[in-house]
Every structure is written in structure tokens, then in C-alpha cells.
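Chemist: Starting off with a structure, shown below.
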Amino acid sequence: MPPKRREQLARKAAVGSQVLDPEIIAKRTKRHLDELERSNYSEPTTLVSGQDEDDEEGGYSKGRARQTISDKRKVTIPGKSPAARSRKSTMNVRTALLYRKNFAALLDESNIATLPADEPTYLTAGAPPPTYPARLLCTVCGYFGSYKCRRCAMAYCNLNCESVHNETRCERRVL
Amino acid sequence: MKRNIVVLDNGGSTIKAGLVNSDREPRIIPNAVIRSKGDKATYIGHEFALCKDYASLHYRLPIEKGYVVDWDAEKAVWDGIFSDQVLNVDTTESSLLITEPYFNLPNIQDVYDQLIFEEYEYHSYFRCTAASLVPSGTLFSHPGLPPPECVMVVDCGFSFTHVVPIMNGEVIWSAVKRLDVGGKLLTNHLKELVSFRQWNMMDETYIMTHIKESCCFISSDYKQDLEICHANPKHNSIIRQYVLPDLTKSNHGFIRQADSIVKESDQILVMNNESFTVPEVIFRPDDIGIQQAGLAETIAHSISLLPDDLQGMFWSNIGLIGGSTKFPGFRRRLLTELQSLVPMEWDISICEADDPVTEAYKSAYQLASRPDFATRYCVTREEYAESGSSASRRKFRDWSSAESAEKKNPQTKEPLKQKGKLREDDRPPPASSKLSRSRSRAGTASASTRRR
Numbered sequence: 001m002p003p004k005r006r007e008q009l010a011r012k013a014a015v016g017s018q019v020l021d022p023e024i025i026a027k028r029t030k031r032h033l034d035e036l037e038r039s040n041y042s043e044p045t046t047l048v049s050g051q052d053e054d055d056e057e058g059g060y061s062k063g064r065a066r067q068t069i070s071d072k073r074k075v076t077i078p079g080k081s082p083a084a085r086s087r088k089s090t091m092n093v094r095t096a097l098l099y100r101k102n103f104a105a106l107l108d109e110s111n112i113a114t115l116p117a118d119e120p121t122y123l124t125a126g127a128p129p130p131t132y133p134a135r136l137l138c139t140v141c142g143y144f145g146s147y148k149c150r151r152c153a154m155a156y157c158n159l160n161c162e163s164v165h166n167e168t169r170c171e172r173r174v175l
Numbered sequence: 001m002k003r004n005i006v007v008l009d010n011g012g013s014t015i016k017a018g019l020v021n022s023d024r025e026p027r028i029i030p031n032a033v034i035r036s037k038g039d040k041a042t043y044i045g046h047e048f049a050l051c052k053d054y055a056s057l058h059y060r061l062p063i064e065k066g067y068v069v070d071w072d073a074e075k076a077v078w079d080g081i082f083s084d085q086v087l088n089v090d091t092t093e094s095s096l097l098i099t100e101p102y103f104n105l106p107n108i109q110d111v112y113d114q115l116i117f118e119e120y121e122y123h124s125y126f127r128c129t130a131a132s133l134v135p136s137g138t139l140f141s142h143p144g145l146p147p148p149e150c151v152m153v154v155d156c157g158f159s160f161t162h163v164v165p166i167m168n169g170e171v172i173w174s175a176v177k178r179l180d181v182g183g184k185l186l187t188n189h190l191k192e193l194v195s196f197r198q199w200n201m202m203d204e205t206y207i208m209t210h211i212k213e214s215c216c217f218i219s220s221d222y223k224q225d226l227e228i229c230h231a232n233p234k235h236n237s238i239i240r241q242y243v244l245p246d247l248t249k250s251n252h253g254f255i256r257q258a259d260s261i262v263k264e265s266d267q268i269l270v271m272n273n274e275s276f277t278v279p280e281v282i283f284r285p286d287d288i289g290i291q292q293a294g295l296a297e298t299i300a301h302s303i304s305l306l307p308d309d310l311q312g313m314f315w316s317n318i319g320l321i322g323g324s325t326k327f328p329g330f331r332r333r334l335l336t337e338l339q340s341l342v343p344m345e346w347d348i349s350i351c352e353a354d355d356p357v358t359e360a361y362k363s364a365y366q367l368a369s370r371p372d373f374a375t376r377y378c379v380t381r382e383e384y385a386e387s388g389s390s391a392s393r394r395k396f397r398d399w400s401s402a403e404s405a406e407k408k409n410p411q412t413k414e415p416l417k418q419k420g421k422l423r424e425d426d427r428p429p430p431a432s433s434k435l436s437r438s439r440s441r442a443g444t445a446s447a448s449t450r451r452r
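For the protein sequence lines, the chains are G and H, in the order given. Just so we're aligned: the first sequence equals residues 1 to 175 in full-length UniProt numbering. Just so we're aligned: the second sequence equals residues 1 to 452 in full-length UniProt numbering.
Following this line, the structure appears as C-alpha cells:
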């Protein structure tokens, strides 16, 4: 075999193994699943991982001086509680209202990871992995897919869906 | 004077709220701060009823993955509920029953205590999970029979799905299992499919939720239904045409019937296999890459963790609550799948509520109406003033107390918890420690914002 041809083959093999790396696919799936938990859609280009969608309000930079929603809102609650009289809230409450943390941070802070392994917690309560093999479903039309894209390992069912896949999903989804 | 009792089922999508003795049916209030671009207005919780323009609503949800993370938004929604616009209660003279998610984090639980006692100054309150209330209700009751001792509650809601075995009113936490599939994920999944295949609906969460609720169903024969849709993608028995709302005139779209009047300008969304492949994720999470077993297998797994001699009782008392169980065909599909998993000697029976969304509220209402509710279940503000959040940790039996109450003595548990940064006794601590804490917080504020 001429050296050039061998090189080509080697490159082809390298490309194949690199793209089908299960870690990359797992990462892609995780990112997709995180997207499915979002409350509002934002364009993928403006997306910074872990950033919350609605930071534009409330001016995060001002520290304790910034306002909560209830500060500028007038509702009438009967009674004499701080909420009803718009009296100054306690330090605990102020802190909770002003410093929002996302769930990952709260989970980290809760220290439940340090509890003994036999104690049931959020971390241990996830359902077990499936015992049946995954089905291949066409990512374009939803029908059973019999083929996998060589570059990104997504399934499709026929030539028509393959071309749609190549035009739209393939580049976008691959990391 | 008799104290008011407020019941609040604090769900990820909607809050079911009411007063004992006056609201047998709950008020259903969006648990969100919603901004409408068309109206140029922000609606907080119950105010959403005033919204006129449903296009491209922006949602700020206090609850992320089932847990309250945005207390600013949550308080704003609660303020509205307690105000004269909804319940009109003097919180300082009332008791509260509020639901929390399963396996709620201890640091989040403390904030519940703080808000309820320090901000609203409730006289007393009880916090528990939705499923633990269900035995107080009527879901499992059969006329003439005593209530079953062992029940399996399947709570399939907005944020996630839990299977919760309960024995004699106590949740068996070691067998509670979570499936990370809920209504929010399903709506977003549908949104994505439809946007890829037909119209771009990525910003139309409100409309897509309505489409999901009106068109989606759970297939009892997935393979066959897929074949039907594949064989003739234009005309088949499954296909529905959903007429999208003309947002300048009406707010809701509808499913096109043979006699519907459809104008030429109307936009039509065709729901072909989307209508059952989306809710299918509850039964096959691996279809979208979630490495978890489907609902039926999760239930079987949970039951297998329970004492051998009681397993049969759990198999025969399965109850469904939560909005996502409302998909047509849910019960039938679950029954079919469970039948292939159940050991020969046991029978399966699945109970359905009249309205799975309000079932937890109605059960909570029953519990809160008991004469011993306040004394037996609630923590009072005095107790909280005396010992802070440890008062509620002692009294509310949740996942952490179930283990620790029997095995460990409270002293060994406390130091572990003290490590949590935010833990602070609610009596004013020595001034110096408080000061240094707030200063260090202010210093790290910028860093933490960046991390976000």
C-alpha cells in the first residue's frame, strides 16, 4: 500500500474514533437534558453554561442595597407581620431573598454528600438505570431509526431523514 | 377566636391554596413571575389571570428541579396569595400546612422556617411532602373497608416523578425513588420537536403547554402507533390538527374537528407521532438519553426494596397523583407494564384521583381539619423562637429524621449539620460572628455572581 493511502486510512480511522467517543456523546446528551430543564428558551450562542435566564432584572451588582420584587410592590396582607407592614425583614430572610443560588450550588452546600451512604438522600434516590437496551429512534421524524450518523452517532431512519439530519442537526449538536 | 388554617400545596407549576372551612376546592395559582412582552407588564402569581397577551411569555420560576431556589420570586407569589386579593388572611393569627419536595435539602428547609416565622410570623406551621398527605385523603379508600396500611404513591408532576411507599402513614424513605421526568421536561421536549419539524415555538411555552395538555396521550402499543404514523404521515387515525391561536384575537388554540371553522389565515400545527412520543419519555426515559429505568420498572424496583411480607400490599395499592398522570392512557399503560413485572402471587390495583392535581391539596385539607392538627403536627412560633430550625427538624418527620431518630442520637447529628455555611441559630448570635459573616458574604458576592 502506498504511504499516502495508508495515511489517509489512518486519518479516517482517527476521525471516526474521535467523533464517536462515548464521553462526547454523553456530554452532548447531558447538555441537551439541561436545556430541557430551562424555563425560557435562549439562543444557544448567548448561552453561558449554568447562567440563569433572568438576571437582567434587579441589578445584581448592588449587593444588599438592591431591591426585591416585594420592595416595589404594593399588596395588602392583613396583620402585623413584616411581610404585611413592609417592615424590615430579618437578616436571614433578607439573605435568602437577595442571594439566589442555583440548585447545584444549594446541593453542594447542603453537605448531603457527606452523609453515610446508606442514608437515603436526593443523591441516592435516583431511579436505577434501565435493564433493557435503548431503542434507536430517528432524531428527525421520530420513527424507528436503523442507521447511525457516522459523525455524531445520532439515529435516522431513511435517506430522506439522513439528508435533513446532515443539513440541520449534525453540525449543530456535535461538540 | 378560632385560628385560620392555610393549606398551600406549593407545586413547581401551580400552587394549590385555600383556607380550611372555606375552600374545599383549592385556588390554583401559577407559581411564577411572568412577563408578557405584548402587555409590557409583569404578572406575579395570581395576577396572571389578568394577562391578555400570551405571546412569548417570559417565566421566572421560583422552583428549579423541584426545589425552591428563587425566594424573591417565591415570596412575591406567596405575598399575593395571603393578601386581600386571594385568601386575605392575617398570617400572624393563622396556622399553615405547606408541602415541600421529596428529599428537600436541609439548607432549603431552614429558609422555609425563616420565611414563615420571621417574615409572615405564622402562629404555627407544618411542612411535609405531598405524597405523605395522601393517606389522609380518599384516594385509596374503598367503601366499607378500613384504609390500607401500605400504599404506593406515584407523584408525577411538573418537575419530576417520585414513587413513594408509605406504611401506616410513614414514608419509607429508603425505597423512595425519583425519575427525572416531569411536565416541564415534556413540554420543552415537545417544543423542541415541533420547532424542528414545523413552526418555531421555542418561546411559546404557554401555548405549547396547552397543546401538550390537549393533544398528547400515552400509547398502549408504541410500536404499532409509530407504524400507523409512519405508514401515512398525512392521514391516519392518530394525527390531530391543532389550530394555533391568533394572538391578536383569542388566547387559546383548539383541536380541529370535522366541523370546525378554520380561516385561511389560521396557522395549523400538525401533531403526528409527537402526541405520544413525548409523554412516552415517562415510561422510557432512555429514549431521550436519561439513564433511568421507566416508571413501571422504577415502581417494581422500589417495591423490591421493601420487606418481603408486605410487598403484595404495595402492589395492590398504587395511587396516582400529579398533573402529568392526566395524560389519557396513563393508567392503562402503567397497568400493562406492571403486569409483566409483578410476581405471580400478587394482584395489582391502581387508584386514580378525580383530579390528580388537587388530590394532595384535598388530602392536606382533611389532615388540617383534624382537631389535633395544630397540637400533633405543627411547630409553633414560640418553639421556633426558642430553638430555631432545630424545632422543625425535631418535629417534621422527613427523610433525614427517619434515619437519625432511630439510629443516632441528636448530638452526633448536630455537629455534622453545623458545618453548613448558612446554618445560624435564629436567636441573635454574638454580634461579632454575625458581622464577620455578613462582611465575608459581601466580599464574596461579586465572585459568586460571576460563577453564576
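Glycine residues also receive a C-beta, built at the ideal position from the N, C-alpha and C atoms. Bear in mind that the values here come from a model prediction, so they are computed numbers and not experimental data.
1. Taking Cβ positions only, does W399(H) come closer than 8 Å to chain G?
2. At the level of alpha carbons, what is the spacing between W346(H) and A41(H)?
3. Going by beta-carbon coordinates alone, are V181(H) and A360(H) separated by less than 8 Å?
4. Closer than 8 Å, CB to CB, is F103(H) near chain G or not?
5. Does the region 261-277 of chain H come close enough to the region 104-123 of chain G to have 3 or more Cβ pairs within less than 8 Å?
6. Is any beta-carbon of chain H found at less than 8 Å from that of I24(G)?
7. Please tell me whether I218(H) and E274(H) are closer than 8 Å, where the distance is taken between their beta carbons.
8. Tell me, please, whether the region 119-137 of chain H touches the region 365-382 of chain H by the rule of three or more beta-carbon pairs shorter than 8 Å.
9. With a threshold of 8 Å between beta-carbons, can H32(G) be considered close to chain H, or not?
10. Based on the DSSP output, what are the partners of F160(H) in its beta bridges?
11. For C229(H) and S146(G), what's the separation of their Cα atoms in angstroms?
12. Consider the Cβ of W199(H): report whether some Cβ of chain G lies at a distance smaller than 8 Å.
13. Check the Cβ-Cβ distances between Y122(G) and every residue of chain H, and say whether any is below 8 Å.
14. Go ahead and pull the three-state DSSP assignment for E64(H).
15. Could one say the Cβ of G294(H) lies closer than 8 Å to chain G's Cβ atoms, at least one of them?
16. Against chain G, does Y67(H) count as a neighbour if the rule is that its beta carbon must be under 8 Å from one of theirs?
17. Please list, in chain order, the chain G residues whose beta carbon lies closer than 7 Å to that of F82(H).
18. Quick one: what's got a C-beta closer than 6 Å to V194(H)'s C-beta in the same chain, skipping five residues either side?
19. Can we say the region 77-94 of chain G touches the region 113-132 of chain H, given the rule of at least three CB pairs closer than 8 Å?
20. By Cβ distance below 8 Å, which residues in the same chain neighbour R135(G) in space, the five residues on each side in sequence not counted?
21. Touching or not, the region 147-167 of chain H and the region 287-302 of chain H, by the rule of three or more beta carbon pairs under 8 Å?
22. Tell me the DSSP secondary structure of C128(H) in three-state form.
23. Identify which residue in G388(H), P30(H), A231(H), W173(H) has its Cα closest to the Cα of G126(G).
24. Could you check whether the Cβ of R178(H) sits closer than 8 Å to any Cβ belonging to chain G?
25. Which one of V278(H), E100(H), W78(H), V176(H) has the shortest CA to CA distance from G66(H)?
26. Quick one: does K101(G) have its CB under 8 Å from some CB of chain H?
27. Return the first residue and the last residue of the beta strand (DSSP E) that E100(H) is part of.
28. According to DSSP, L8(H) sits in a beta bridge with which residue or residues?
29. Return no unless some Cβ of chain H is closer than 8 Å to the Cβ of K27(G).
30. Who pairs with Y43(H) in a beta bridge, going by DSSP?
31. Below 7 Å on C-beta distance, what does S174(H) contact in chain G?
32. What span of residues does the alpha helix (DSSP H) with M271(H) cover, start to end?
33. Are there 16 or more other CB atoms within 10 angstroms of the CB of T139(G), so buried, or fewer, so exposed?
34. Does E162(G) have its Cβ less than 8 Å from a Cβ in chain H?
35. When you compare only the Cα positions, how much space is there between S400(H) and S22(H)?
36. Specify the secondary structure class of E213(H) as computed by DSSP and reduced to three states.
Modeler: For this structure:
1. yes
2. 56 Å
3. no
4. yes
5. no
6. no
7. For the 8 Å CB-CB criterion, I218(H) and E274(H) do not form a contact.
8. yes
9. Output row for H32(G): interface = yes.
10. Per DSSP, none; premise fails for F160(H).
11. 17 Å
12. No - not a single Cβ of chain G is within 8 Å of the one on W199(H).
13. yes
14. strand
15. yes
16. Yes, its Cβ sits closer than 8 Å to a Cβ of chain G.
17. What F82(H) touches in chain G: I77.
18. M201
19. Three or more pairs of CB atoms, one per stretch, sit closer than 8 Å, so the region 77-94 of chain G contacts the region 113-132 of chain H.
20. F144
21. yes
22. strand
23. W173(H)
24. Chain G, which has a Cβ nearer than 8 Å to the Cβ of R178(H), makes this yes.
25. E100(H)
26. yes
27. 94-100
28. Looking at the DSSP output, L8(H) sits in a beta bridge with A17(H), I98(H).
29. no
30. I34(H)
31. P120, listed in chain order.
32. Run containing M271(H): none in the alpha helix (DSSP H); it sits in the beta strand (DSSP E), 268-271.
33. buried
34. no
35. 34 Å
36. helix
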